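Colleague:
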Amino acid sequence: MSGAVPAVAFDGICKQFGAVRANDAVSFDVAAGAIHGIVGENGAGKSTLMSILYGYYQADAGQISLGGQPVRIRHSQDAIRLGIGMVHQHFMLVDDFTVLDNVMLGAEGGALLGPQQKLARQRLIEIAERYRLDVDPQARAGDLSVGAQQRVEILKLLYRGAQILILDEPTAVLTPQEADSLFEILRLFRAQGKTIILITHKLQEIFAITDRVTVMRAGKVVGEVDTASSSRAEMATMMIGRQLGGELERRPCAPGERVLSVRDLRLPSRQGRHGGQALHGLDFDLHAGEIVAIAGVSGNGQTELLEVLAGMRLIGSGSIDYLGRPLPYAGRRHADGLPRLFREMGIAHAPEDRLREGLVKDYSVALNGALGHQGDASLQHGGLLSPAALLALAHRLIADFDVRPANPALRAAQLSGGNQQKLVLAREIAAAPRLMLVGQPTRGVDIGSIELIHRRLLALRDAGIAILLVSVELEEIRTLADRILVMCGGRITGEMQARDFDATRIGLMMGGEVAA
Numbered sequence: 221m222s223g224a225v226p227a228v229a230f231d232g233i234c235k236q237f238g239a240v241r242a243n244d245a246v247s248f249d250v251a252a253g254a255i256h257g258i259v260g261e262n263g264a265g266k267s268t269l270m271s272i273l274y275g276y277y278q279a280d281a282g283q284i285s286l287g288g289q290p291v292r293i294r295h296s297q298d299a300i301r302l303g304i305g306m307v308h309q310h311f312m313l314v315d316d317f318t319v320l321d322n323v324m325l326g327a328e329g330g331a332l333l334g335p336q337q338k339l340a341r342q343r344l345i346e347i348a349e350r351y352r353l354d355v356d357p358q359a360r361a362g363d364l365s366v367g368a369q370q371r372v373e374i375l376k377l378l379y380r381g382a383q384i385l386i387l388d389e390p391t392a393v394l395t396p397q398e399a400d401s402l403f404e405i406l407r408l409f410r411a412q413g414k415t416i417i418l419i420t421h422k423l424q425e426i427f428a429i430t431d432r433v434t435v436m437r438a439g440k441v442v443g444e445v446d447t448a449s450s451s452r453a454e455m456a457t458m459m460i461g462r463q464l465g466g467e468l469e470r471r472p473c474a475p476g477e478r479v480l481s482v483r484d485l486r487l488p489s490r491q492g493r494h495g496g497q498a499l500h501g502l503d504f505d506l507h508a509g510e511i512v513a514i515a516g517v518s519g520n521g522q523t524e525l526l527e528v529l530a531g532m533r534l535i536g537s538g539s540i541d542y543l544g545r546p547l548p549y550a551g552r553r554h555a556d557g558l559p560r561l562f563r564e565m566g567i568a569h570a571p572e573d574r575l576r577e578g579l580v581k582d583y584s585v586a587l588n589g590a591l592g593h594q595g596d597a598s599l600q601h602g603g604l605l606s607p608a609a610l611l612a613l614a615h616r617l618i619a620d621f622d623v624r625p626a627n628p629a630l631r632a633a634q635l636s637g638g639n640q641q642k643l644v645l646a647r648e649i650a651a652a653p654r655l656m657l658v659g660q661p662t663r664g665v666d667i668g669s670i671e672l673i674h675r676r677l678l679a680l681r682d683a684g685i686a687i688l689l690v691s692v693e694l695e696e697i698r699t700l701a702d703r704i705l706v707m708c709g710g711r712i713t714g715e716m717q718a719r720d721f722d723a724t725r726i727g728l729m730m731g732g733e734v735a736a
């Protein structure tokens, strides 16, 4: 509303880390009682700005005002006191505590816990009923579904009196039904006068829920639009500084020979979840020139399946045949040496966690480009790694996948998340695999890089490579998959052809409903 005092005003916010200017004179307002989206590519400065608002960082210059009054937010306790709350992408709950204990943690209200618990429980029930956040106060946090854990995080903020809520990629681990439920809760918050700041890379969410959007690129604000008067094409162009290439061309799927055959695969769980089994009797096939996508909320056995197929873990029981022959798990007591053997057999792996399993962050781009393939004769000279060969390979990978900055000497840690992901994929694809295992290929990746990654995976499939794709993004699965498997609790709960894609049906199967 014209002339209204904004809930939050950023005025000339600057923040620099070494030579990198993360926020460059950022100025915009967030209207009170609105849902305001912030979008931009990796490294655009969105998270840095929200970290300044929540007190994690201090701005080098500029001013933040709340309700028209300048404030200084030195740490998160200041932010909470000022009515600001933040739900992080990775939840901050103690699994062994109850919901009530988690909500009270850090806000106990006195030395005697017993009387405070009784009051807190009553207040928590009142808040949950008012905002339709259905959670049992006595439930153990670690036993809750991901959607319920997120509701607990929101309850924590409301318990502390938050009027301004920051949500960072809030639907990244939710089923479609849980995401719809979250949006209903956010609309209720808006109706009751609360202000929501939503960081997301999903344009469909922006248009589903926000009132206004700020677009950032390279640390600066490059556009502000009312959502209702904008379009996906306009917003994407502002985000990446160019038009996207349009719909991806998909050739008809022409499956070739059977590359992978999994029968009654079982694997004990490291944490003893799902009845002590991480995988329960999995059966599926994968053919050359086919993308089979596994849909499901993270933590339902997808990670363990990729680890087994990449040779990182031994199977419990069952069988896995690759190109008509059993993979060599038999007779081994541990998996040492298997990943290297599997790579030599033509199995490539772009893992879900690129920093923990795909890169060594303190190694250079050039060294990471050869990681796992350092024994190849083409990279050797006199029994040692050849610097010239490493450099030539790095330049080829950088060019093939548009890795930025195009500097082989940079440490992997100095690349944005999207460019780290492009480096991992470029390395694995360059090995000319027969089977490609891909975990969360565009997690934390901006819209421009998503387009490039999708095009490369489709080109790989058209070249006759078998691809097993694990993704929590249903739009990504719709774009890439020829066949879809759904997993919940370590089991396959359903299968469908991509032409029969049904988000509602998939969401139900992701929640444990077994397809008829």
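Each residue of the sequence shown is one higher than the last, beginning at 221 in this note's numbering.
By construction, the Cβ of each residue, glycine as well, lies at the ideal position given by its N, Cα and C atoms.
The structure displayed is predicted, hence computed values, not measured ones.
Rounded to whole angstroms, what's the CA-CA distance from ASP720 to ALA679? Just pull it up for me.
Modeller: Whole-angstrom Cα-Cα distance: 23 angstroms.
Colleague: Alpha carbon to alpha carbon, how far is ALA555 from GLY578?
Modeller: One C-alpha to the other measures close to 17 angstroms.
Colleague: Could you check where the beta strand (DSSP E) with PHE248 kicks off and where it finishes?
Modeller: Taken as a continuous stretch (DSSP letters only), the beta strand (DSSP E) holding PHE248 covers 240-250.
Colleague: Are the beta-carbon atoms of GLU349 and VAL307 separated by less than 8 angstroms?
Modeller: Result no, Cβ atoms of GLU349 and VAL307 do not sit closer than 8 angstroms.
Colleague: Counting only runs that start and end within the stretch 440-471, where is the beta strand (DSSP E) found for 3 or more residues in a row?
Modeller: As far as the stretch 440-471 is concerned, its whole beta strand (DSSP E) runs of at least 3 residues are 440-446.
Colleague: Taking the runs of the alpha helix (DSSP H) that are 4 residues or longer, which of them lie wholly in the stretch 370-426?
Modeller: With a minimum length of 4 residues, the continuous alpha helix (DSSP H) runs that stay inside the stretch 370-426 are 396-411.
Colleague: Based on DSSP bridge pairs, tell me the residues matched to TYR542.
Modeller: LEU480 and ARG545, per the DSSP bridge assignment.
Colleague: From the DSSP output, in three-state form, read off SER537 for me.
Modeller: Of the three classes helix, strand and coil, the one that applies to SER537 here is strand, per DSSP.
Colleague: From GLY592, GLY263, ARG294 and GLN283, pick the residue whose C-alpha is nearest to that of TYR274; which is it?
Modeller: Here the closest residue by C-alpha is ARG294.
Colleague: Does LEU705 pass the burial test, meaning 16 or more other C-beta atoms within 10 Å, or should it be called exposed?
Modeller: Its Cβ being crowded by 16 or more others within 10 Å, LEU705 is buried.
Colleague: Looking at the secondary structure, which residues open and close the alpha helix (DSSP H) in which SER296 lies?
Modeller: Run containing SER296: 296-301, per the alpha helix (DSSP H) assignment.
Colleague: To which residues does DSSP link VAL307 through a beta bridge?
Modeller: Its beta-bridge partners are LEU387.
Colleague: Could you check whether the stretch 692-701 touches the stretch 591-607, counting it as contact only if at least three pairs of C-beta atoms, one from each stretch, sit closer than 8 angstroms?
Modeller: Taking 8 angstroms as the limit for Cβ pairs, the verdict is that the stretch 591-607 does not touch the stretch 692-701.
Colleague: Helix, strand or coil for LYS338 per DSSP?
Modeller: LYS338: helix per DSSP, three-state reduction.
Colleague: What are the partner residues of CYS234, as DSSP defines its beta bridges?
Modeller: ALA281.
Colleague: Output needed for ALA299: all residues of its chain with C-beta closer than 6 angstroms, excluding positions within five of it in sequence on either side, in chain order.
Modeller: Excluding positions up to five away in sequence, the list reads TYR274, GLY275 and ILE293.
Colleague: I need the DSSP call for VAL512, collapsed to helix, strand or coil.
Modeller: Three-state result, VAL512: strand.
Colleague: Are ILE429 and PHE409 touching if we call contact CB-CB under 8 angstroms?
Modeller: Result no, Cβ atoms of ILE429 and PHE409 do not sit closer than 8 angstroms.
Colleague: For my contact list, GLY362 and ASP316 are in at a C-beta cut-off of 8 angstroms; report their separation, rounded to the angstrom.
Modeller: With a Cβ gap of about 6 angstroms, GLY362 and ASP316 count as contacting.
Colleague: What first and last residue would you give for the beta strand (DSSP E) that runs through ARG711?
Modeller: It spans 711-717 - the beta strand (DSSP E) in which ARG711 sits, taken as one unbroken run.
Colleague: Can you tell me whether DSSP reads VAL517 as helix, strand or coil?
Modeller: VAL517: coil per DSSP, three-state reduction.
Colleague: Which same chain residues end up closer than 8 angstroms to VAL744 when comparing Cβ atoms and leaving out the 5 residues on each side of it in sequence?
Modeller: The first residue shown for the chain is 221 and the last is 736, placing residue 744 beyond what the model contains.
Colleague: What's the C-alpha gap between LEU643 and GLY536?
Modeller: Cα to Cα, LEU643 sits roughly 33 angstroms from GLY536.
Colleague: Between the C-alpha atoms of SER267 and VAL585, what's the straight-line distance to the nearest angstrom?
Modeller: Each residue's alpha carbon lies about 25 angstroms from the other.
Colleague: Decide if LYS414 is buried, meaning its Cβ has at least 16 other Cβ atoms within 10 Å, or exposed.
Modeller: By the 10 Å Cβ count, LYS414 comes out buried.
Colleague: Which runs of the alpha helix (DSSP H) fall wholly inside the stretch 560-627 and span at least 4 residues, in chain order?
Modeller: Counting only runs of 4 or more, we get 585-589 and 607-621.
Colleague: Shorter than 7 angstroms, the distance from the beta carbon of LEU408 to the closest heavy atom of the ligand ATP, or not?
Modeller: Absent from the structure shown: the ligand ATP. Ligands present: none.
Colleague: Where GLY710 and GLN497 are concerned, what is the direct C-alpha to C-alpha distance, given to the nearest angstrom?
Modeller: When rounded, the distance between both Cα atoms is 7 angstroms.
Colleague: If I follow the unbroken alpha helix (DSSP H) through ALA650, where does it start and stop?
Modeller: First-last of the alpha helix (DSSP H) with ALA650: 637-650.
Colleague: Could you tell me how far apart the beta carbons of ILE258 and THR391 are, in whole angstroms, since I believe they sit closer than 8 angstroms?
Modeller: Actually they do not touch by this definition, with Cβ atoms about 15 angstroms apart.
Colleague: What distance in whole Å lies between the Cβ atoms of ALA609 and HIS601, which are believed to be in contact at a cut-off of 8 angstroms?
Modeller: The Cβ separation is near 7 angstroms, so the contact holds.
Colleague: Closest by CA to GLY551, which one among VAL323, LEU534, VAL623 and ILE687?
Modeller: Nearest C-alpha to GLY551: LEU534.
Colleague: Under the three-state reduction of DSSP, which class applies to VAL228: helix, strand or coil?
Modeller: Note: VAL228 maps to strand in three-state DSSP.
Colleague: Can you find at least 3 beta carbon pairs, one from the stretch 445-453 and one from the stretch 505-522, that sit closer than 8 angstroms?
Modeller: Result no; under three Cβ-Cβ pairs closer than 8 angstroms.
Colleague: Indicate whether ALA453 and PRO475 have their beta-carbon atoms separated by less than 8 angstroms.
Modeller: The answer is no: Cβ separation not under 8 angstroms.
Colleague: Using the C-alpha atoms, what's the distance from LEU617 back to ALA652?
Modeller: The straight-line gap from Cα to Cα measures roughly 13 angstroms.
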